[in-house]
Each structure stands twice: as C-alpha cells, then as structure tokens.
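Note that this note's numbering has the sequence shown beginning at 12, numbered continuously upward. The beta carbon of each residue, even a glycine, is placed where N, CA and C say it ideally should be. For clarity, every value in this text was computed on a predicted model and none was experimentally measured. Presented below is the structure to which this report refers.
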Amino acid sequence: MNERPVLDAGDEAHLSRLLGTQPGSAGELGAFLERLREGVVEVARRDERVEERLRDARHRTLTVDYREDKAPEGDPPSRLADAGFYDYDRDVLVVATVDLRSGGVVDVSEREGAAPPITHEELEEARDIAARRPGAAEVWADRRAPVVAFPTPSYAFAARPGSLRHRGCVLYAAGSRDEESWSVVVDLSAREVVPDDELPEILRSRRGGRAKRRRARR
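Written as structure tokens, this is what we have:
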C-alpha cells in the first residue's frame, strides 16, 4: 500500500509554530488539527487491520486526537494521531494510531469501556430514537430546541442483562415553558430508549421538571 504523509514539510513547520505560541493560538491550532482529521481517518480506514475489524459492523468515527511521543534527545518528537472508531455491534472502540509524517498506521488496538464525548451524528440519532417515545416527539424532534448529550456513566445499564458495555447517552432539553426540563437515556448500541425501571434513580426521565412541580404546589 502506498503511503503519503498527512503532514508535509510546510504543514509541520506551521504546526510547530502554533504549538510554540500556545495558549494564544489555541483557536488556530484547533482549526488546523480539524483540517487534518479527514486525512487521518482516510489513512486509518485503509489499514487492513482496521478494515478487518470494522467490516460489516455498524460503526462511526468518534475521535481523532493529536499527540506527540518523546524521541531520543536531539530527535524531533513523533507526530501522531489516534483515530477512534466505535463498533456498536461488539461495543469496542477501535483505535488506529497514524504516523502523520509517514502516512502509515503504526498501531491498532481495541478499548472496552471507553466513553468519548457524544458526536453530532450520535446526538442526531439519539434525538430521532427519543422522538419515537410516546408524548415526547415535540421535545426531541424539534431541531430548533437546544439539546445536550453526555455519555452514560458506567453503571447506567447495570440492570440490563447483556447491555453493561453498551454505548449510550443521556439527553437533556429545555421545555417550551420557563424552568421546564426534559431528559431521557438512549441506548445507542441497541437503538432504543431505556425504560426508567431499568435505570438507576438518578438517570430516570424528567418530564416537565421544576415547572411541573411548581404548578402542582399551587
């Protein structure tokens, strides 16, 4: 397989300048690393070990993280990026480490129990799943309504047989009235809303939140 550098000489010089001017150039550095993302993912997906692990699996790219490894004194540090692909069928994060200079994959590993931040694609899928729940469509289907999502904690699916390692997210939304809030837990591996009776008390759905309780006291 032909390998081409993800970073050319000009890119590397630019990266070195940005890294040397932190934190003042943090925004510019972030934008630069985001531009590398597509190339890193492309290199990782071409690797036979990655392709074999993800073949026929439902998966997504969740993370691309830049890192440097120290080199012997006098040598430049390694320029690396870890691309993380989540396999929802086996519930593992497949991580390919790409050498940005050579354009090759230097390591492939699998991580169980990893919980990277929820991606935009996962958020959109979770909202669609949550919107199928009776009485909740207007909350989760309205793309104008602000919604945030967090990975489920490790104990979230403890009461669900066979689901302990599943990838899930907790959605939070503000309702249409002041101080109203909603929440729901979505199992992204199973593509379903988790019933409250299968969740710890702290994660069970909120419907109406403080506004509902305020009206009840009047």
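| Check | Outcome |
| --- | --- |
| Inter-stretch contact at 8 Å, needing at least 3 Cβ pairs: the segment 146 to 165 / the segment 173 to 184 | yes |
| Cβ-Cβ distance between Leu18 and Leu30 below 8 Å | no |
| Own chain partners of Thr72 with C-beta closer than 6 Å, once the 5 adjacent residues on each side are dropped | Val52, Phe96 |
| Entirely enclosed beta strand (DSSP E) segments - the segment 53 to 135, minimum 3 residues | 70 to 80, 89 to 98, 103 to 110, 115 to 122 |
| Limits of the unbroken alpha helix (DSSP H) element including Ala24 | 20 to 30 |
| C-beta atoms of Val195 and Arg144 nearer than 8 Å | yes |
| Three CB pairs or more closer than 8 Å across the segment 126 to 136 and the segment 58 to 68 | no |
| Identified DSSP bridge partners for Tyr183 | Val159, Ser194 |
| Inter-residue spacing [alpha-carbon to alpha-carbon] between Leu111 and Pro16 | 6 Å |
| Residue(s) in a DSSP beta bridge with Val204 | Val197 |
| Residues near Ala82 by beta carbon distance below 8 Å, same chain, minus five either side | Pro88, Ser89 |
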